[in-house]
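Peer 1: Have a look at the structure that comes next, please.
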Amino acid sequence: MNTFHRTTVAPSPDDLTNLSQHLHTSQTPLECSERRKKLAILFGGCSTEYSVSLQSAYSVITHIDSSAYACIWIGLHPHTGQWFWYRGDPERILNDSWFSEDFCIPIFPSTDQSIHGFHYMDNGILQTVSLDAALPILHGKNGEDGTVQGLLELAGIPVVGCDLLSSAVCMNKEMAHRLVAAEGIAVPLSFLVRPPFNRESLQQAAETLGYPLFVKPVRSGSSFGITKVHAVEELFPAIEHAFLHDSAVLLEETIPGFEVGCAILGTDHLTVGAVDEIELSGGFFNYTEKYTLKHAKIHVPARISDHKTEEIQSVAKKIFRILGCNGFARVDLFLTPEGRIYFNEVNTIPGFTSHSRYPNMLKEIGLSFTEVIQRLLETGVSI
């Protein structure tokens, strides 16, 4: 019988920055006088938004205050889902060359909640990396939907950001709309589709909603699987496409007007960023537009009155509370020509690059990218 021995170490700064260090080189534990908090940053994952996660994680990693936090970087392989402690240059995360045996050690959350950390094997000895918290920078399914948050909670590792329940609810568009509507906030009319479905009933539902309408996977991010349908002959191909991304689909009415967003930061006291506005020259704000802006412009602040801005911010904060969000999120809404506000969705881990909507809304009220990250970490790490 093999006997495993366990030792506990904490991440050393040299582990994170010295490229010449070999994986099997013994690590230097943090000294007792070390006052920095130990933080894991998770990136990658089996998601269609894998590349966005790499960009966001790189931005966060390169803006964290190293005098306050000792970080380890945990990459989730995009094909196998395996977790690795990555100890190379952060530039390799940005250009997606991070996965290499020279820089990666398989790592997994401890099942002992008293450890608050991860395990890995070193020459047959079970080693432990102790942590104060973990920050998932994972977008879409298997990262933003509560799965990773739940695993971290089971391991006794505090999570920076939304927890299991709020993450899962916000990822489920149909459930989030139900909860928000129950509190008196307007949501688009929609029809839930699950297999097996009756084609005639779906055609009738579409006619009731009116064309053009949107066909959406219930659980998906960055507009993956979403189609704007203009006529009945486009309906079923769009539904089939949406089912490639989830087991349930929504038919949703089109709300006239434009989309606005609101960045929220905090837990008890909420900081609300400037409202932004998406101006489209055609189509809708799909994945391509979100990251290329070929036919879209983002205005920060939105070109609306101060009164309407305050109303949108108030509604966004209310939605943040209704859905149990924590730490940070971006609340997306629609504003009609008549000035009515409709709830669209909540992104519990919004894009976090220097040009992303979330930090830019907070930049407009005077918070730098580094300050946003510092405040975010303070919501999940006991100081």
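In the working numbering, the protein residues as written are 405 to 787. Where a beta carbon is used, it is the ideal one built from N, C-alpha and C, also for glycine. Bear in mind that the values here come from a model prediction, so they are computed numbers and not experimental data.
On the DSSP letters alone, give me the boundaries of the beta strand (DSSP E) that P510 sits inside.
Peer 2: Translated into positions along the sequence shown, residue 510 becomes position 106. Taken as a continuous stretch (DSSP letters only), the beta strand (DSSP E) holding P510 covers C508 to P510.
Peer 1: Check whether the region 708-728 touches the region 666-684, taking contact to mean three or more Cβ pairs, one atom from each stretch, closer than 8 Å.
Peer 2: yes
Peer 1: Extract the residue ranges of the beta strand (DSSP E) inside the region 480-562, only unbroken runs of 3 or more that lie entirely within it.
Peer 2: The region 480-562 is shown to contain whole beta strand (DSSP E) runs of 3 or more residues at 487-490, 508-510, 521-526, 529-534 and 537-540, in chain order.
Peer 1: Using CA coordinates, which residue listed in L556, L530, L542 and A572 is at the minimum distance from D549?
Peer 2: For this step, residue 549 is matched to residue 145 along the sequence shown. Among L556, L530, L542 and A572, the Cα nearest to that of D549 belongs to A572.
Peer 1: Let me make sure I understand the geometry here. Which of N527, Q459 and A667 has the alpha-carbon closest to that of R496?
Peer 2: Counting from 1 along the sequence shown, the entry for residue 496 is found at position 92. For the residues N527, Q459 and A667, the minimum Cα distance to R496 belongs to Q459.
Peer 1: Please state whether the Cβ-Cβ distance between G757 and Y462 is less than 9 Å.
Peer 2: Taking the first residue of the sequence shown as 1, we reach residue 757 at position 353. Taking the first residue of the sequence shown as 1, we reach residue 462 at position 58. Checking the sequence shown, residue 757 turns out to be Thr, not Gly. Going by beta carbons, T757 and Y462 fall inside the 9 Å limit.
Peer 1: State whether the region 520-540 contacts the region 704-722, with contact taken as three or more CB pairs (one from each stretch) at a distance under 8 Å.
Peer 2: no
Peer 1: Which runs of the alpha helix (DSSP H), 4 residues or longer, sit entirely within the region 702-765?
Peer 2: For the region 702-765, whole alpha helix (DSSP H) runs of length 4 or above, ordered along the chain, are 710-726.
Peer 1: In whole angstroms, what is the alpha-carbon distance linking D418 and C666?
Peer 2: Along the sequence shown, one-based indexing puts residue 418 at 14. Along the sequence shown, one-based indexing puts residue 666 at 262. The predicted position of D418 is uncertain, since its pLDDT is 49 and thus under 50; no value can be drawn from it.
Peer 1: With 16 as the cutoff for other CB atoms within 10 Å, does E611 come out buried or exposed?
Peer 2: If you number the sequence shown from 1, residue 611 lands on position 207. E611 comes out exposed.
Peer 1: When the Cα atoms are used, what is the spatial distance from Y615 to V456?
Peer 2: Taking the sequence shown and counting its residues from 1, the one referred to as residue 615 is at position 211. Taking the sequence shown and counting its residues from 1, the one referred to as residue 456 is at position 52. Their backbone Cα atoms lie some 32 Å apart in a straight line.
Peer 1: Report back the beta-carbon spacing between G809 and H520 to the nearest angstrom; my notes put them in contact at under 8 Å.
Peer 2: This structure does not reach residue 809, given that the chain is present from 405 up to 787, and the question cannot be answered.
Peer 1: When the distance is taken between beta carbons, is I589 closer than 9 Å to I745?
Peer 2: As a working mapping, residue 745 is identified with position 341 in the sequence shown. As a working mapping, residue 589 is identified with position 185 in the sequence shown. Their beta carbons are under 9 Å apart, which means I745 touches I589 by this criterion.
Peer 1: Tell me, please, whether the region 466-486 touches the region 440-448 by the rule of three or more beta-carbon pairs shorter than 8 Å.
Peer 2: yes
Peer 1: Would you mind sorting F773 into buried or exposed? The rule is 16 or more other CB atoms within 10 Å of its CB.
Peer 2: In the sequence shown, counting from the first residue as 1, residue 773 sits at position 369. By the neighbour-count rule (16 or more Cβ atoms within 10 Å), F773 is buried.
Peer 1: Count the other CB atoms within 10 Å of the CB of R623; is the residue buried (16 or more) or exposed (fewer)?
Peer 2: Residue numbering aside, residue 623 sits at position 219 when the sequence shown is read from its first letter. Buried, since its Cβ has 16 or more Cβ neighbours within 10 Å.
Peer 1: Tell me whether F662 sits in a helix, a strand or coil according to DSSP, three-state version.
Peer 2: Mapped onto the sequence shown, residue 662 falls at position 258. In this structure, F662 counts as strand in the three-state DSSP scheme.
Peer 1: Leaving aside the five residues before and after L569 along the sequence, list all residues of the same chain whose C-beta is less than 8 Å from its C-beta, in chain order.
Peer 2: Looking up residue 569 in the sequence shown gives position 165. Taken in chain order, the residues that qualify are G550 and G728.
Peer 1: My output table needs one value for P621: the three-state DSSP class, helix, strand or coil.
Peer 2: Taking the first residue of the sequence shown as 1, we reach residue 621 at position 217. Strand, per DSSP.
Peer 1: Look at the Cβ atom of F738, then the Cβ atom of F647, and state whether they are nearer than 9 Å.
Peer 2: Residue 738 sits at position 334 when you count from the first residue of the sequence shown. Residue 647 sits at position 243 when you count from the first residue of the sequence shown. For the pair F738 and F647, the CB atoms are not nearer than the 9 Å cut-off.
Peer 1: So for A580, helix, strand or coil by DSSP?
Peer 2: By one-based count along the sequence shown, residue 580 stands at place 176. Looking at A580 - three-state DSSP - the assignment turns out to be helix.
Peer 1: Taking the alpha helix (DSSP H) that I445 belongs to, which residues open and close that run?
Peer 2: Start at 1 with the first residue of the sequence shown, and residue 445 comes out as number 41. Looking at the DSSP string, I445 is not in any alpha helix (DSSP H); the run it does join, the beta strand (DSSP E), is K441 to G448.
Peer 1: Could you please give the first and the last residue of the uninterrupted alpha helix (DSSP H) stretch that includes V464?
Peer 2: Counting from one through the sequence shown, the residue named residue 464 turns up at place 60. Where V464 is concerned, the enclosing alpha helix (DSSP H) stretches over Y454 to I465.
Peer 1: Pick helix, strand or coil for Q431, following the three-state DSSP scheme.
Peer 2: For the purposes of this step, residue 431 is identified with residue 27 of the sequence shown, where counting begins at 1. Caution applies to Q431, whose pLDDT of 33 falls short of 50 and renders its modelled position unreliable; the value that the coordinates give is listed next. Here Q431 sits in coil by DSSP.
Peer 1: Look at N581 and V591 and say whether their C-beta atoms are less than 9 Å apart.
Peer 2: Within the sequence shown, residue 581 is the residue found at index 177, counting from 1. Within the sequence shown, residue 591 is the residue found at index 187, counting from 1. In the sequence as displayed, the identity of residue 581 is His instead of Asn. The answer is yes: Cβ separation under 9 Å.
Peer 1: Following the continuous alpha helix (DSSP H) through E637, name the residue where it begins and the one where it ends.
Peer 2: As a position in the sequence shown, residue 637 is number 233, starting the count at 1. Counting along the chain, E637 falls outside any alpha helix (DSSP H), and DSSP gives it neither H nor E.
Peer 1: Just curious, the beta strand (DSSP E) that S594 is in, first and last residue?
Peer 2: As a position in the sequence shown, residue 594 is number 190, starting the count at 1. Looking at the DSSP string, the run of the beta strand (DSSP E) that includes S594 is S594 to V597.
Peer 1: Suppose you measure from the CA of L606 to the CA of K545; what does that come to, to the nearest Å?
Peer 2: As a first step, residue 606 must be located in the sequence shown, where it is residue number 202. As a first step, residue 545 must be located in the sequence shown, where it is residue number 141. The straight-line gap from Cα to Cα measures roughly 27 Å.
Peer 1: Can you tell me whether E656 is helix, strand or coil according to DSSP?
Peer 2: As a first step, residue 656 must be located in the sequence shown, where it is residue number 252. Three-state DSSP puts E656 in a strand.
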